[in-house]
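Inspection log for the structure reproduced underneath, given as structure tokens.
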Amino acid sequence: MTCRETKNLLNGYVDGELDSTNSISVETHMRGCASCLADVENLHDLAAAIENGSLRFKVPARVKRNVQSAIRAANPETRRSVFSWRWAGVLASAVLIIALGWGVTTRWTRSSEETLLINDIVSSHVRSTMANHITDVSSSDSHTVKPWFSGKLDYSPPAKDLTEQGFRLIGGRLDYLDNQPVAALVYLRSQHVINLFVWPSNSPAFKEPKELARHGYSLIHWTRAGMTYWLISELNLTELSECARLSME
Ligand SMILES: [Zn+2]
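With the numbering used here as the guide, the letters of the sequence shown map in order to residues 1 to 249.
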């Protein structure tokens, strides 16, 4: 039996699907062929790795090599038979398991980072109201507040005056969040301070507003045109979402 004939039968051999005549032929060939023997060992290793779940979090280097050599072994003429649907399925499962493991890790990291950020935002908001340091520049005029940030930040935050809509701009302040100086725009609504923190987004350019309540404060977060926005106040979420909607217009 030739190498090509043997390789075409290897998946069936590993799966125990060959009749005894073909099994004996494969085994006889493997005794004198290191290449086919290695292929069978690779297939066995891959099957074992899938079964014992060792691929769940980390792909062993050996399995990676096995997959690569299995792919190399599948030359164009024999690709279909060597790379049977069964093995394509096994490989797809491996890829899915790896992807799921990766997804879980990145999601967890992101949410724990976000939790830290939310705590920092609440702290900054509370500090700004308690330390009597609400604004660095006090004005209701967006043409005064907006230019004040230039030279202090390398981006220009929007400083919309929403007085007519019931949210009075009272000024701006430099703050520090997410490991960088950020713009804080300050609004007032019936004696409640509202901080709108703005800085350039490092992930997606657009994110729908997300509302949450933490430590007795309402927060709304969104991303527009590459800028990240966090709105926070002790106002309820209904009133604050009106402020968010006006800020986004
Ligand atoms: Zn061979």
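For glycine and all other residues, C-beta sits at the position ideal for the given N, C-alpha and C.
- Residue S156 holds the alpha-carbon nearest to the alpha-carbon of A184 among S156, N202, A47.
- Excluding residues up to 5 positions away in sequence, T6, C36, L37, V40 lie with their Cβ nearer than 8 Å to the Cβ of M30 in the same chain.
- Residue nearest to L116 within the set S201, G172, D178, G171 is D178 (criterion: CA-CA distance).
- Around the beta carbon of A159, 16 or more other beta carbons sit within 10 angstroms, so the residue counts as buried.
- Of the candidates F197, R173, N236, I134, the residue whose Cα lies closest to the Cα of I118 is F197.
- Those residues that bring their Cβ nearer than 6 Å to a heavy atom of ligand 1 are C3, T6, H29, C33, S35, C36.
- In the three-state DSSP reduction, D45 falls in the helix class (H, G or I).
- In the three-state reduction of the DSSP assignment, A244 falls in the helix class.
- Taking each of D161, D141, A213, H125 in turn and checking the Cα distance to L174, the smallest one comes out for H125.
- Just so you know, the alpha carbons of L153 and R127 end up roughly 21 Å apart.
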